[in-house]
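Undergrad: Let me begin by handing over the structure; questions about it come next.
Residue numbers (this note's numbering): -5 to 311.
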């Protein structure tokens, strides 16, 4: 198995740019994942986010998680559990309207730090989308525009902790799935591993690296690229020791964005449009009940809906 793709973004500014862009291209086409170093978000900010996130879990969430485990009798399960994830989570919405000041239990400095972190991640997501446009030979800004909808993109963060699990062989930290949305930016624990992706029929570890941001592609980028880029099944393995922190930020299309393969890619490949045209919100409604199943039937269902609905042109700004 070849090495997991790691991209030093500083190399995009010099003579190694072409080689670095090639690594990104290969990662998008063959892995669906890559890991960024020197991405422009300060180590100090990331260290503060990690410290406050772990502190918030200890103070506000750990006891609740232990009570849930006790109530469900999960410490002594005898057979595999397929309808539950061994994780403690909460969600923050940033765009189109933030709810970061409405979430209970968050201390003021944690709110402000997460708001600043989200703003940096949003800029990084948009920078990455333009790098993908460059590799795909799409006009600059095409992917951002495709995500836009009438109110701009949707952007939110899932903050997770994966506590030590007494039966990691019977309970997954997070069951295997592809992500429904666009571009996912993950700040993961560098001490406790667990994230794996499926490549060529084998589960591969996503290496925990300090101050890195892991990127993976969601279903919408697979549709827009007409399958040139793929969203990939991934999962989290629960660990017997250590509490794994995971902060996953989802840069997704706006709820009313119309998603379909980029005409320039369909024409260039001289192949028919394989993927459906749909409104992102409709896809999300379908995904909600089918998250832990294969993506292909979801695309098929949207294709069937497409024939019944006449969708208008893409919204632009």
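Every residue, glycine too, gets a C-beta built ideally from N, C-alpha and C.
For clarity, every value in this text was computed on a predicted model and none was experimentally measured.
1) So what does DSSP say about residue 242, is it helix, strand or coil?
2) Which residues mark the beginning and the end of the beta strand (DSSP E) in which residue 31 is found?
3) To the nearest angstrom, how far is it from the Cα of residue 143 to the Cα of residue 249?
4) At which residue ranges does the region 132 to 169 contain complete alpha helix (DSSP H) runs of 4 or more residues, listed in the order of the chain?
5) Which residues does DSSP list as the beta-bridge partners of residue 211?
6) Would you give the residue range spanned by the beta strand (DSSP E) that residue 63 belongs to?
7) Could you compute how far the alpha carbon of residue 146 sits from the alpha carbon of residue 70?
8) When the Cα of residue 204 is compared with those of 100, 19, 31, 7, which residue comes out closest?
9) Thinking residue 218 and residue 137 are a contact (beta carbons under 8 Å), I'd like their distance in whole angstroms, please.
10) Do you know whose CA, among 41, 156, 43, lies nearest residue 83's CA?
11) Figure out for me which residue from 12, 21, 8 has the closest Cα to the Cα of residue -3.
12) For residue 199, list the residues DSSP reports as bridge partners.
13) I think residue 118 touches residue 34, with their Cβ atoms under 8 Å apart; what is that distance to the nearest whole Å?
14) Can you tell me which of 11, 12, 26 puts its alpha carbon nearest to the alpha carbon of residue 225?
15) When DSSP builds the beta bridges, which residues end up paired with residue 95?
16) Check for me: the alpha helix (DSSP H) holding residue 286 runs from which residue to which?
17) Could you give the DSSP three-state label for residue 219: helix, strand or coil?
18) Would you call the region 105 to 118 and the region 52 to 62 in contact, with 3 or more CB pairs under 8 Å?
19) Buried or exposed: where does residue 212 fall if 16 or more other Cβ atoms within 10 Å of its Cβ makes it buried?
20) Can you give me the Cβ contacts of residue 10 inside the same chain, cut-off strictly under 7 Å, excluding the 5 residues immediately before and after it?
21) Based on the DSSP output, what are the partners of residue 228 in its beta bridges?
22) Cβ atoms of residue 236 and residue 291: under 8 Å apart, would you say?
TA: This is what the structure holds:
1) strand
2) 27 to 31
3) 7 Å
4) 136 to 142
5) 177
6) First-last for residue 63: 56 to 66, but that is the alpha helix (DSSP H), not the beta strand (DSSP E).
7) 47 Å
8) 31
9) 7 Å
10) 156
11) 21
12) 190
13) 7 Å
14) 26
15) In the DSSP output, where bridge partners are listed per residue, residue 95 has none listed.
16) Unbroken run through residue 286: none, as it is neither H nor E.
17) coil
18) no
19) buried
20) none
21) 171, 191
22) no
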